[in-house]
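Residue numbers (our numbering), protein chains in the order written: chain A, 3 to 494; chain B, 3 to 494. Since the structure comes first, as structure tokens, the remarks are kept for the end.
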């Protein structure tokens, strides 16, 4: 707490890195690129998990668990998928350590315990799951399969950042199998919408929905649907993807089913996931120079009550009121903490809960006690008000709802203010470097143009929205005819 | 469903293996020793998780997440722990695959992407966690730390069996840090009791509580507390352990704290875990020759309703009653499925839900409809009864409670009938080979005797209970003086 958080305007990236650590969300571990998710951060992730899990189950999905390891021969079966992930695979080659004969206090890999076939630590589970589905699917009666898995995955990233890009991360991955193309596509879109609802309504982060360009597609997918969010520094963040896999994995693993009419066809597939990366989006969308700002839906502590007192007697009087309020709030399903620790001063506590993003802070001093009021402070606006004790529960209930909405509105306004239509490449570059955000521009539809733009500006196509203007135009880069505007941005 | 389940009396081991697969709980995967936990099995595990998680949180524990990988140098820091797990470690040595130059459709490990330091896939997380705690603990004010983690771990077992012993398994592992020995011991015992309560009250499996002998202790622990259950074939199963780690890990990782009186001391520790192995205990404690028997607390479907009908009209009448019952049950928080699929016959459904252990089956036929009754069948006793529709909800509520208790009582009776006191080694061997179960015998306290007994009988000391008889005796093997009886058994 001694250290002061860097301001966003000074160094956004540093602000983020410091905030994650200072707010006790996560930290780097002894393992390169892998993070430790601390209890406070994990409690937020658990709230995301619980809500998503409920939404998956409400739409007919079931959870299951598949192996952490993928034998190399299975991993390489779907060529594009394998190619896409090969460069970042952690590989298990041995299954035993032995005492180092040169130093008995050390261990070494036992060369005699070399695996016949190497095992890839799953970077994603299509391969292992589709090799399993092969045995589950014979007939149309076995379809659809709607399965989700909560798991850890490993992608050996060279440059890592807490939550945003880590070698190991936690996620959920859905893997569904269908009898028809239409059904698989419908599932892919359903999940895209489910993700958008979750991120917008629950996390208060506005997103743009659409599909990816070919070069940004998931390796092995026919089409990737995405939700894209915008961070406060004007960079986009891919918040969740759902992939229409066509029959690619069914063909790679020879998964066919007997149709209702007696035919034999390859199965259609989707896969989809969101990860602990969403924690990064959460932090960067709402937080400020004082620290974390949490939407009430995700706050492990929604209300903190802090007594301001001198001596035991004053504390006793305040505690009586505080505990009454606390119990009323708990009865309303609101999570509340009464922090009467006497080895920390109120000022320290104020700063700490501000840093940790607790949505509402209630302070009660001796004068408040006399006047039968409390001081209520909102984390989102930093506004303070005096609230009669008799109205405090009702007021808090309403205020929590307001905060949730206000955070969304604020982020939405920022996002909408940062979608800029441009018609020349000079404007494109100027907007990107001066204003940031999404740049809406005509694109000729070629990967070549996309690549050239990326090389010059670091911006990529984040999203091709589904409701483009019908008007045709000229590509912002190649000046060739272009059917639709797409959204470019620099991205996390 | 075509295949019939092997009888327990014919081949218990085969019965178990078949049942796990036929009841759709789990299956072997393409990865040696790793299982796929299927949706039905995973739904049971989720219920265990939810209850345990609630119990952990109610006792002040928080969840967090630590890396999957442990750098070799950290892994070897606590010598006994390292030695105990070295022989079964999956080791990551490389972080990239590349296209095989000899066959472009294949991948190979890229020899240029060799890790400087090998990474062990965690077989347990003491090492990585204590290397982290080192940075979290400076003063007594930072203690206690009460953290739990839900995770996958890998132990390269040579002979594996679904749920009971798999190379990868799911578990929770608690890791706590304390200022005093007493507090750490208290925590260890608290969790031992929590596990006992969970397994007995929630899973309906009676357990014996106690400590392990030195040779059965967790590698790196000073004392291991355990709960031991007894399976129907007379073999014991270790259902959960909590370890008092003393200062072993604090010393290995140099974790010291400033005491309240200004000293500097090593931190005291506990660790504890239960795993998907509990699924094995669940199956083997309650199930019968017809299939799985699930305690209502753990049943993903507690009540199934099956219509018996000819033609749409009959079905419509039955469905009306069935849906009314279903909604009443749901309102009571009971999970219920109305299976009106028309491509399966009632007999098939009866068998299937019996195989899957659904606690209560309600069948409704046209005559039942006339008489305003339903047929209720209990999975535990296989008894059927006719219940007036007006009483069915109340009756089901009571019956579910009864089934939960009955399963526990039945298992308790079996367990108690299978604790046999012996005073000679001949009796010891005879009981083990003829009756099975726990053999209560005097033991001289030496590892040598324990080893000799194990070699001759395959029985190990499962548990040294905390309330031994005060009477001294003669060791059943060495005939040397022995302070107390201990429980031997063959074990999973």
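Glycine included, C-beta positions come from ideal geometry on N, C-alpha and C. Computed from a predicted model, the values in this text were never measured in an experiment.
By DSSP, does residue 98/B sit in helix, in strand, or in coil? Locating residue 98/B in the second chain gives position 96, where the first residue counts as 1. Three-state DSSP puts residue 98/B in coil, outside helix and strand.
Could I get the ranges of all uninterrupted alpha helix (DSSP H) runs contained in the segment 308-333 of chain B, with 4 residues as the minimum, in chain order? 313-333
Ignoring anything shorter than 3 residues, give me the beta strand (DSSP E) runs that lie fully in the segment 400-441 of chain A, in order along the chain. 421-423
Report the neighbours of residue 96/B on chain A: residues whose CB is nearer than 7 angstroms to its CB, in chain order. For the purposes of this step, residue 96/B is taken as the residue at position 94 of the second chain. Result: 93 and 95.
Do residue 95/B and residue 95/A count as a contact pair if the criterion is CB distance below 9 angstroms? The sequence position of residue 95/A within the first chain is 93, counting from 1. The sequence position of residue 95/B within the second chain is 93, counting from 1. The answer is yes: Cβ separation under 9 angstroms.
Going along the chain, which residues of the segment 196-226 of chain A sit with their C-beta nearer than 8 angstroms to a C-beta in chain B? none
Count Cβ pairs between the segment 366-373 of chain B and the segment 168-182 of chain B that sit closer than 8 angstroms; are there 3 or more? no
Can you check whether the CB of residue 237/B is closer than 9 angstroms to the CB of residue 413/B? One-based indexing of the second chain puts residue 413/B at position 411. One-based indexing of the second chain puts residue 237/B at position 235. Not closer than 9 angstroms, so no.
Through-space distance from residue 92/A to residue 123/A, alpha-carbon basis: Against the first chain, residue 123/A aligns to sequence position 121. Against the first chain, residue 92/A aligns to sequence position 90. The straight-line gap from Cα to Cα measures roughly 6 angstroms.
Cutoff 9 angstroms: residue 322/B Cβ touching any chain A Cβ: For this step, residue 322/B is matched to residue 320 along the second chain. Not flagged as an interface residue toward chain A: residue 322/B, since no C-beta distance is shorter than 9 angstroms.
Please report the residue range of the alpha helix (DSSP H) in which residue 451/A lies. In the first chain, residue 451/A corresponds to position 449, counting from 1. First-last of the alpha helix (DSSP H) with residue 451/A: 449-459.
Could you tell me which residues DSSP pairs with residue 162/B in its beta bridges? As a first step, residue 162/B must be located in the second chain, where it is residue number 160. According to DSSP, residue 162/B bridges with nothing at all.
Judging by CA-CA distance, which residue of 152/A, 420/A and 459/A is the nearest neighbour of residue 208/A? Against the first chain, residue 208/A aligns to sequence position 206. When each option's Cα is compared against that of residue 208/A, the closest is 420/A.
Chain-order list of residues whose beta-carbon lies under 6 angstroms from that of residue 175/A (same chain, five-residue window excluded): Position 173 of the first chain, counted from the first residue, corresponds to residue 175/A. If we look at residue 175/A and ignore the five residues flanking it on each side, its Cβ neighbours are 127, 151 and 275.
Note down, one range per segment and in chain order, each alpha helix (DSSP H) of at least 4 residues found wholly within the segment 255-305 of chain B. 279-288
Among 73/A, 180/A, 89/A and 65/A, which residue has its Cα nearest to the Cα of residue 118/A? Reading the first chain from its first residue, position 116 is the one you call residue 118/A. Measuring from the Cα of residue 118/A, the nearest candidate turns out to be 73/A.
Counting only beta-carbon separations shorter than 9 angstroms, does residue 487/A have a partner in chain B? The residue you call residue 487/A lines up with position 485 of the first chain. So no, residue 487/A is outside the interface.
What is the C-beta distance between residue 328/B and residue 338/B, in whole angstroms, given that I count them as a contact (C-beta under 8 angstroms)? Position 326 of the second chain holds residue 328/B. Position 336 of the second chain holds residue 338/B. Right, the Cβ-Cβ distance comes to about 5 angstroms (below 8 angstroms), so this counts as a contact.
From 97/B, 352/B, 377/B and 64/B, residue whose alpha carbon lies closest to that of residue 34/A: Stepping through the first chain from its first residue, residue 34/A is reached at position 32. For residue 34/A, the nearest C-alpha among the options comes from 97/B.
Pick from 102/B, 28/B and 298/B that is closest to residue 78/A, judged by C-alpha positions: Start at 1 with the first residue of the first chain, and residue 78/A comes out as number 76. Answer by Cα proximity: 102/B.
Nearest chain B C-beta to residue 383/A closer than 9 angstroms, yes or no? Position 381 of the first chain, counted from the first residue, corresponds to residue 383/A. Closer than 9 angstroms: no.
Taking DSSP as the reference, what is the three-state secondary structure of residue 6/B? Counted from its first residue, the second chain places residue 6/B at position 4. DSSP places residue 6/B in coil when its eight states are reduced to three.
Can you name the start and end residues of the beta strand (DSSP E) that residue 388/A belongs to? Position 386 of the first chain, counted from the first residue, corresponds to residue 388/A. Here the beta strand (DSSP E) through residue 388/A covers 386-390.
Can you tell me whether DSSP reads residue 216/A as helix, strand or coil? Walking along the first chain from the start, residue 216/A turns up at place 214. Of the three classes helix, strand and coil, the one that applies to residue 216/A here is helix, per DSSP.
Which listed residue (459/A, 298/A, 308/A and 432/A) has its alpha carbon closest to that of residue 381/A: Residue mapping note: residue 381/A aligns to position 379 of the first chain, counting from 1. Of the listed residues, the one whose Cα sits closest to residue 381/A is 298/A.
When you compare the CB positions of residue 287/B and residue 245/B, do they come within less than 9 angstroms of one another, or not? On the second chain, residue 287/B is found 285 positions in, with the first residue counted as 1. On the second chain, residue 245/B is found 243 positions in, with the first residue counted as 1. Cβ distance not < 9 angstroms, so residue 287/B and residue 245/B don't count as in contact.
Assess contact between the segment 177-192 of chain B and the segment 260-279 of chain B, defined as three or more Cβ pairs (one per stretch) separated by less than 8 angstroms. Is contact present? yes
For residue 3/B, collect the residues of the same chain with a Cβ closer than 6 angstroms to its Cβ; drop the 5 residues on either side in sequence, then sort them by chain order. The residue labelled residue 3/B in the question sits at position 1 within the second chain. Model confidence at residue 3/B stands at a pLDDT of 48, short of 50, so the residue's coordinates are unreliable and nothing is read from them.
Among the residues of its own chain, which have a CB less than 8 angstroms from the CB of residue 403/B, if the five just before and after it don't count? Position 401 of the second chain holds residue 403/B. Closer than 8 angstroms at the Cβ level, and outside the excluded window around residue 403/B, lie 298.
Answer yes or no: does any C-beta atom of chain B fall closer than 9 angstroms to that of residue 156/A? As a first step, residue 156/A is located in the first chain; it is residue number 154 there, counting from the start. Output row for residue 156/A: interface = yes.
Report yes if the CB atom of residue 129/B is closer than 9 angstroms to the CB atom of residue 255/B, and no otherwise. Along the second chain, one-based indexing puts residue 129/B at 127. Along the second chain, one-based indexing puts residue 255/B at 253. At a Cβ-Cβ threshold of 9 angstroms, residue 129/B and residue 255/B count as neighbours.
Kindly list, in the order they appear in chain B, the residues whose Cβ is closer than 8 angstroms to that of residue 228/A. For this step, residue 228/A is matched to residue 226 along the first chain. What residue 228/A touches in chain B: nothing, since even the nearest Cβ is about 26 angstroms away.
Taking the alpha-carbon of residue 445/B as reference, which of 477/B, 106/B, 455/B and 86/B has the nearest alpha-carbon? For the purposes of this step, residue 445/B is taken as residue 443 along the second chain, with counting starting at 1. Comparing Cα-Cα distances from residue 445/B to each of 477/B, 106/B, 455/B and 86/B, the minimum goes to 477/B.
Of all Cβ atoms in chain A, is any one closer than 9 angstroms to the Cβ of residue 253/B? Within the second chain, residue 253/B is the residue found at index 251, counting from 1. It does not; no Cβ of chain A falls within 9 angstroms.
For residue 493/A and residue 462/A, believed in contact at Cβ under 8 angstroms, the rounded distance: Indexing the first chain from 1 puts residue 462/A at position 460. Indexing the first chain from 1 puts residue 493/A at position 491. The pair is a contact, with the Cβ atoms about 6 angstroms apart (cut-off 8 angstroms).
If I'm right that residue 377/A touches residue 388/A with Cβ under 8 angstroms, what's the distance once you round it to whole angstroms? Residue mapping note: residue 377/A aligns to position 375 of the first chain, counting from 1. Residue mapping note: residue 388/A aligns to position 386 of the first chain, counting from 1. Contact flag correct, Cβ pair sits at about 6 angstroms.
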